[in-house]
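Trainee: Residue numbers (the numbering used here): 7 to 351.
Below is one structure. I have some questions about it.
What follows is the structure, encoded as structure tokens:
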């Protein structure tokens, strides 16, 4: 599907003023709509030139019993969109712990060989335990023991990669992984079927069609700034090199380390149970359109993040990540020092 056609089933395009605590959604004017289509055409060309990957992520609001919460869905739409477009969406590791005070981020021990060795061993054991449980026609083998070697001959950078790789595999496994509730990764989808895949996740569709309302994030990843994501297809190839046959990548998944950065979010689709669609344009992108500012894909959407900390806390985050010149650092709000985020490579 050409990316400008992602909007073909949209009934209306909405947006709102970028600044302020209160906002009302209203239909965009012809000029903004035309510029949005032009941007989508440009993003399509950039993807064909292998400069970006356009991604989508479906999500919905669930209560403690994992049932859809229409109240939370509507509250997000009416009261939190302004915060979302400034903060983005982060991996679960950045969220505030519900039952206890958060201790540390996944990056906390990345410079300590001893702690890395301990974490790698735990991840390695759990990964192979799950592989043993899942053995069958589509799953076979165990991760090579060399992956768990943490002796001094193994470089620190290799240990860091091994931890991230095992984390990515276990994230891909899903709820069988004990660490899933605090994973630093966020799943999205890409490719020709990305919208349909994201729609199924957003609406909890299981065979008989949509079960609830949901949202789909439309964003992108610059290829020349890659390294903070892992395609499941690449993961599967690496697993095969390690002697493991794993499930086919049916969802064309990309796992995003830390989450989706706000300056790379074009907007949100809202999908209801009857598959009706609207699109909510990133208000900061709308402002760029109205002021005739040029969009540079490497820089992304120009956002005033003066109130980032305040809004991130209100959205339930206990930590944040910053990106500058292709490097990332993260920290909890109460910490004094930043931790370097190690890329996949």
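Quick reminder that beta carbons are idealized off the backbone N, C-alpha and C, glycines included.
Predicted, not measured: the structure shown is a model, and the values here were computed from it.
1) Return the residue from the list 163, 127 and 136 that minimises the CA-CA distance to residue 151.
2) Whole angstroms is fine: what's the gap from residue 7's alpha carbon to residue 213's?
3) Please classify residue 312 as buried or exposed, where buried requires at least 16 other C-beta atoms within 10 Å of its C-beta.
4) Hey, how far is the Cα of residue 292 from the Cα of residue 338?
5) State the CB to CB distance for the pair residue 263 and residue 347, rounded to an integer number of angstroms; the pair is presumed to be in contact (CB under 8 Å).
6) If you drop the 5 nearest sequence neighbours on each side, which residues of the same chain put their C-beta closer than 6 Å to that of residue 136?
7) Determine the extent of the beta strand (DSSP E) in which residue 167 is found, giving its start and end residues.
8) Quick one: any contact between the segment 71 to 78 and the segment 325 to 342, if contact means 3 or more CB pairs under 8 Å?
9) With a threshold of 8 Å on Cβ separation, who are the neighbours of residue 17 within its own chain once the five nearest residues in sequence on each side are excluded?
10) Reducing DSSP to helix, strand and coil, say where residue 7 ends up.
11) Compare the C-alpha of residue 187 against each of 277, 200 and 102 and name the closest.
12) Can you list, in chain order, the stretches of the alpha helix (DSSP H) that have 4 or more residues and sit fully within the segment 257 to 319?
13) Is it buried or exposed for residue 95, if we count other Cβ within 10 angstroms and need 16 for buried?
14) Using only alpha-carbon positions, find the residue among 48, 172, 115 and 25 that is nearest to residue 300.
15) Once the 5 residues before and after residue 239 are set aside, which same chain residues still bring their CB inside 6 Å of it?
16) In angstroms, rounded to a whole number, what distance separates the CA positions of residue 425 and residue 112?
Mentor: Quick answer:
1) In the chain shown, counting from the first residue as 1, residue 151 sits at position 145. Checked all of 163, 127 and 136; the closest Cα to residue 151 is 127.
2) By 1-based counting over the chain shown, the position of residue 7 is 1. By 1-based counting over the chain shown, the position of residue 213 is 207. In this prediction, residue 7 has a pLDDT of 46, which is less than 50 and means its spatial position is unreliable; what the coordinates show is noted afterwards. Spanning the two alpha carbons is a distance of roughly 22 Å.
3) Taking the chain shown and counting its residues from 1, the one referred to as residue 312 is at position 306. Exposed, since its Cβ has fewer than 16 Cβ neighbours within 10 Å.
4) For the purposes of this step, residue 292 is identified with residue 286 of the chain shown, where counting begins at 1. For the purposes of this step, residue 338 is identified with residue 332 of the chain shown, where counting begins at 1. It is roughly 31 Å from the alpha-carbon of residue 292 to the alpha-carbon of residue 338.
5) Your numbering for residue 263 matches position 257 in the chain shown. Your numbering for residue 347 matches position 341 in the chain shown. Yes, they are in contact, since the Cβ atoms of residue 263 and residue 347 sit about 7 Å apart, within 8 Å.
6) Stepping through the chain shown from its first residue, residue 136 is reached at position 130. Around residue 136: 179 and 182.
7) Against the chain shown, residue 167 aligns to sequence position 161. That residue, residue 167, is in no beta strand (DSSP E); its alpha helix (DSSP H) goes 162 to 179.
8) no
9) Here residue 17 refers to the residue found at position 11 when the chain shown is read from its first residue. Counting only Cβ-Cβ distances below 8 Å, and skipping sequence neighbours, we find 282, 283 and 284.
10) Here the question's residue 7 lines up with position 1 in the chain shown. Its pLDDT being 46, under 50, residue 7 is placed unreliably by the model, and the measurement read from it follows with that caveat. Coil at residue 7, not helix or strand.
11) Position 181 of the chain shown, counted from the start, is the residue given in the question as residue 187. It is 102 whose Cα lies nearest to the Cα of residue 187.
12) 289 to 296
13) Indexing the chain shown from 1 puts residue 95 at position 89. With 16 or more other Cβ atoms within 10 Å, it is buried.
14) Along the chain shown, one-based indexing puts residue 300 at 294. When only C-alpha atoms are compared, the closest one is 48.
15) Counted from its first residue, the chain shown places residue 239 at position 233. If we look at residue 239 and ignore the five residues flanking it on each side, its Cβ neighbours are 255.
16) This structure cannot settle anything about residue 425, because the visible part of the chain is limited to 7 through 351.
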